[in-house]
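Enquirer: Numbering (the numbering used here), first residue to last: 17 to 174. Got a structure for you, written out below as structure tokens; questions coming shortly.
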Amino acid sequence: MKTRVFIAGAAGLVGQNLIAQLAQADDLILIAADKHPKNVETLRRLHPGLTVFEADLAEPGDWEAAARDCDAIVMLQAQIGGLKAEAFERNNIVATERVLAAAKAGGVDPFVVHISSSVVNSAAQDLYTESKKRQEAIVAASGLTHVILRPTLMFGWF
Numbered sequence: 017m018k019t020r021v022f023i024a025g026a027a028g029l030v031g032q033n034l035i036a037q038l039a040q041a042d043d044l045i046l047i048a049a050d051k052h053p054k055n056v057e058t059l060r061r062l063h064p065g066l067t068v069f070e071a072d073l074a075e076p077g078d079w080e081a082a083a084r085d086c087d088a089i090v091m092l093q094a095q096i097g098g099l100k101a102e103a104f105e106r107n108n109i110v111a112t113e114r115v116l117a118a119a120k121a122g123g124v125d126p127f128v129v130h131i132s133s134s135v136v137n138s139a140a141q142d143l144y145t146e147s148k149k150r151q152e153a154i155v156a157a158s159g160l161t162h163v164i165l166r167p168t169l170m171f172g173w174f
């Protein structure tokens, strides 16, 4: 049986590189979601057989049904810059709540891999840092089996 993996924020830097690696495995079914049209176009071009949803994860959509019954959820979506609190709230908090709710609605207890940031351990007090702290707390309180990773640096193609 193949393992179903839902990847939120799949067309960003980390998602593009992760999918390039995971797509080589024969035992995985990858389901990708991202809201950035140009990045989604690149993802589709590079992986024509991949199921991709161009979707804002802070909004209801067909992507929610695809996230149900997945064996794993990889949460890469994040607002990393900007000056408006609303953007951080939507992309780091509301989207996280919606993805986790969709995952919990299925009949499977998915393993959640949440990519956070080492900034949560810093003295910084800005919109990004505070939203990442809240995002981690939401994942930790979800009741789903999970791991939270806090990379200090991200690199890869693009």
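All residues carry an ideal CB built from backbone N, CA and C; glycine is no exception.
Would you give the residue range spanned by the beta strand (DSSP E) that Ile89 belongs to?
Expert: Its beta strand (DSSP E) spans residues Ala88 to Met91.
Enquirer: Which residue comes first and which comes last in the alpha helix (DSSP H) that contains Val129?
Expert: Unbroken run through Val129 is the beta strand (DSSP E), Phe127 to Ile131; no alpha helix (DSSP H).
Enquirer: Identify the continuous beta strand (DSSP E) that holds Glu70 and give its terminal residues.
Expert: Thr67 to Glu70
Enquirer: Do you know offhand how far Arg114's Cα is from His130's?
Expert: 14 Å
Enquirer: Sorted by chain position, which residues of the same chain lie with C-beta nearer than 6 Å to Ala94's C-beta, five sequence neighbours on each side aside?
Expert: Asn108
Enquirer: Ignore the nearest five residues each way along the sequence and tell me which others in Phe69's own chain have a CB closer than 6 Å to its CB.
Expert: Here the set comprises Ala49 and Trp79.
Enquirer: List the endpoints of the continuous alpha helix (DSSP H) containing Ile96.
Expert: First-last for Ile96: undefined, no H or E at that position.
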